[in-house]
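**Q** Structure incoming, see below.
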Amino acid sequence: MIYIEMHKIAVIGLGYVGLPLAVELGKKYPVAGYDTNEKRIGELQSGIDRTREVDGESLANVTKHFGQCDRGLTFSSDVDSIRDCNIYIVTVPTPLTKFKTPDLEPLLNASATIGRILKKGDIVVYESTVYPGCTEEDCVPVLEKYSGLKYNEDFFCGYSPERINPGDKTNTLTTVRKVVSGSNAEVTDVIDGLYASVIQAGTFRASSIKVAEAAKAIENTQRDVNISFVNELSLIFDRMGIDTQEVLEAAATKWNFLRFTPGLVGGHCISIDPYYLLHKSQCLGYNPQVILSGRSINDEMGRFVARKTVKLMISKEIKILKSKALVLGFTFKENCPDTRNTKVIDVVNELKDFGMEVDVYDPYAWREEVLAEYGIELLARQPDMTAYQVLVLAVAHDAFKSLDFTFVRNQPAVLFDVKGVLPVELVDGRL
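Start counting at 1 in the sequence shown, then tack on 25, and there's your number in this note's numbering.
This is the structure:
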């Protein structure tokens with residue numbers, strides 16, 4: 026029996042996923058945004074979102090209405106601020122360990138926090154990407170342990186996978202259809218109604234939590250496999266002396282050809298989710314071949330870019346040892362500050378292994394976080410590109426597309442365009 030009469034929502038984790046969700050829900054319901062990062066909370070209270078997913082005006086509009094007409098949004102790192110909520114939505118990250126196995130610590134810590142304040146009739150909804158079965162097999166026992174309550178009798182759960190695409194201002198939270206599921210039919214109704222009230226594109230009701238978890242796992246795994254295919258083609262065509270981009274353009278003239286492009290596959294979704302599915306599969310005694318092969322190819326592309334660049338240097342008789350290289354872009358994708366699991370680091374490290382002096386410039390990335398996570402001190406401002414023997418355009422930020430690279434024609438230098446956005450006659454190499 027569900028006792029909820031009025032939604033009072035807590036969103037646990039205010040990153041790329043949690044903040045946009047909290048803002049949209051706050052337009053219609055009283056919402057408490059919770060995060061253990063006190064610096065993040067302070068910034069949000071000041072109207073600053075360093076992820077660039079929500080602008081200051083939107084933050085101000087939704088926070089000023091708290092307590093009025095039973096809607097609005099507050100931010101806090103104090104657990105007491107979410108104690109009186111009855112719906113808890115978990116949007117914490119689910120990264121990998123150094124052994125590329127699921128790291129459930131953030132998820133289980135969030136579950137323990139909720140468990141300590143969980144009440145009869147409350148609903149806990151997970152949005153974090155997991156493997157099928159994780160919610161009920163890993164998270165629910167933690168909720169039961171810390172609350173002393175019984176699952177599906179005293180409290181209930183649901184799963185509604187996030188579909189946030191950092192930096193994408195077209196496919197946003199409200200314009201992408203939302204998959205919803207609950208631990209029973211009545212709970213599914215409640216969760217469906219909640220999300221349907223803010224998602225313009227509508228919802229899709231999965232038959233079970235496990236089905237919803239599996240749907241999320243294969244969304245990004247499918248894309249990872251498709252990209253690995255064109256990355257492998259790039260490796261093959263490089264040996265043939267064929268331009269991969271030209272081949273893809275020709276093949277794309279067929280009506281049913283799927284246009285994927287080669288590149289560095291990083292970020293918190295595509296490069297991580299396959300390992301969650303792989304882990305669960307191996308636990309069941311099956312070792313996936315296609316998924317594992319795709320991951321191996323994509324994980325190698327950063328080193329390939331660096332080695333190809335060095336070969337181009339040799340062909341131009343440019344000295345490798347102590348030569349200066351500039352890598353433009355460090356985030357995992359264009360026009361966003363997200364550096365989680367960026368594969369540009371592989372390019373940087375491989376160039377350094379060849380004895381080169383490597384600088385990295387990215388006007389979008391957070392310099393302090395890059396230094397703490399990767400040990401790289403990003404340049405504070407755009408340098409004089411003519412001072413470098415190697416230029417690697419690693420991320421297609423809009424700010425880079427207008428740069429003048431024509432000087433490379435008049436001096437011994439190598440220009441490698443990872444994303445294939447520069448004029449082909451200007452670059453020495455591209456994927």
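Glycine included, C-beta positions come from ideal geometry on N, C-alpha and C.
For a test of the three-state rule: what should DSSP assign to R202, helix, strand or coil?
**A** Position 177 of the sequence shown, counted from the start, is the residue given in the question as residue 202. Here R202 carries a coil assignment [DSSP, helix/strand/coil].
**Q** Give the DSSP-derived three-state secondary structure of T228 in the structure shown.
**A** What you label residue 228 is simply residue 203 of the sequence shown in a count that begins at 1. Here T228 sits in strand by DSSP.
**Q** What's the gap between the Cα of G40 and the Cα of I343?
**A** Taking the first residue of the sequence shown as position 1, residue 40 is located at position 15. Taking the first residue of the sequence shown as position 1, residue 343 is located at position 318. Each residue's Cα considered, the two are about 44 Å apart.
**Q** From this set, V417, H422, D423 and F425, which residue's C-alpha is nearest V452's C-alpha?
**A** Against the sequence shown, residue 452 aligns to sequence position 427. Ranking the options by Cα distance to V452, first place goes to V417.
**Q** Three-state secondary structure (DSSP) at Y41?
**A** Position 16 of the sequence shown holds residue 41. Looking at Y41 - three-state DSSP - the assignment turns out to be coil, as it is neither helix nor strand.
**Q** Once you ignore the five residues that flank T88 on each side, which residues in its own chain have a CB closer than 6 Å to its CB?
**A** In the sequence shown, counting from the first residue as 1, residue 88 sits at position 63. Hits under 6 Å: L98.
**Q** Helix, strand or coil for C361 per DSSP?
**A** For the purposes of this step, residue 361 is taken as residue 336 along the sequence shown, with counting starting at 1. C361: coil per DSSP, three-state reduction.
**Q** So what does DSSP say about R284, is it helix, strand or coil?
**A** Numbered from its first residue, the sequence shown carries residue 284 at position 259. If DSSP states are grouped into helix, strand and coil, R284 belongs with coil.
**Q** Between V117 and I37, is the Cβ-Cβ spacing less than 8 Å?
**A** Locating residue 117 in the sequence shown gives position 92, counting from the first residue. Locating residue 37 in the sequence shown gives position 12, counting from the first residue. Between V117 and I37, the C-beta gap is smaller than 8 Å, which places the two residues in contact.
**Q** Could you tell me how far apart the beta carbons of Y413 and K349 are, in whole angstroms, since I believe they sit closer than 8 Å?
**A** Counted from its first residue, the sequence shown places residue 413 at position 388. Counted from its first residue, the sequence shown places residue 349 at position 324. That pair is a contact at about 5 Å.
**Q** Assuming V337 contacts V439 (C-beta within less than 8 Å), just tell me the rounded distance between them.
**A** Here residue 337 refers to the residue found at position 312 when the sequence shown is read from its first residue. Here residue 439 refers to the residue found at position 414 when the sequence shown is read from its first residue. According to the sequence displayed, residue 337 carries Leu and not Val. The C-beta distance from L337 to V439 rounds to 5 Å, short enough to meet the 8 Å contact threshold.
**Q** What number of angstroms, rounded off, separates the C-alpha of T431 from the C-alpha of M381?
**A** Within the sequence shown, residue 431 is the residue found at index 406, counting from 1. Within the sequence shown, residue 381 is the residue found at index 356, counting from 1. So the two alpha carbons sit approximately 23 Å from each other.
**Q** Given that a residue counts as buried once 16 or more other Cβ atoms are within 10 Å of its Cβ, and exposed if not, what is C308?
**A** Position 283 of the sequence shown holds residue 308. With fewer than 16 other Cβ atoms within 10 Å, it is exposed.
**Q** Quick check: what's the CA-CA separation for G319 versus S253?
**A** Working through the sequence shown from its first residue, we reach residue 319 at position 294. Working through the sequence shown from its first residue, we reach residue 253 at position 228. When rounded, the distance between both Cα atoms is 5 Å.
**Q** Who pairs with A489 in a beta bridge, going by DSSP?
**A** Residue 489 lies beyond the stretch modelled for the chain, which goes from 26 to 456, so this question has no answer here.
**Q** Hey, could you find the ends of the alpha helix (DSSP H) A412 is sitting in?
**A** One-based indexing of the sequence shown puts residue 412 at position 387. That residue, A412, is in no alpha helix (DSSP H); it is neither H nor E in DSSP.
**Q** CA-CA distance, F441 and E450?
**A** Within the sequence shown, residue 441 is the residue found at index 416, counting from 1. Within the sequence shown, residue 450 is the residue found at index 425, counting from 1. Answer to the nearest angstrom: the Cα atoms are 12 Å apart.
**Q** When DSSP labels each residue in this structure, what does I370 get in the three-state scheme?
**A** By 1-based counting over the sequence shown, the position of residue 370 is 345. Residue state, collapsed to three classes: helix.
**Q** What is the DSSP secondary structure of Y300, counted as helix, strand or coil?
**A** Residue 300 sits at position 275 when you count from the first residue of the sequence shown. The answer is helix: DSSP assigns Y300 an H, G or I state.
**Q** Could you tell me whether the Cβ atoms of V335 and F379 are closer together than 8 Å?
**A** Counting from 1 along the sequence shown, the entry for residue 335 is found at position 310. Counting from 1 along the sequence shown, the entry for residue 379 is found at position 354. Yes; because the gap between Cβ atoms is below 8 Å, this pair is in contact.
**Q** Would you list the residues sitting across from A350 in a DSSP beta bridge?
**A** Numbered from 1 along the sequence shown, position 325 holds the residue referred to as residue 350. Among the bridge pairs identified by DSSP, A350 is matched with V383 and V415.
**Q** One question on the structure: do G327 and D371 come within less than 8 Å of each other, judged by their Cβ atoms?
**A** Here residue 327 refers to the residue found at position 302 of the sequence shown. Here residue 371 refers to the residue found at position 346 of the sequence shown. It is a contact, given that the beta carbons lie within the stated cut-off.
**Q** Checking the sheet assignment: what are the DSSP bridge partners for L121?
**A** For the purposes of this step, residue 121 is taken as the residue at position 96 of the sequence shown. Looking at the DSSP assignment, L121 forms a beta bridge with P127.
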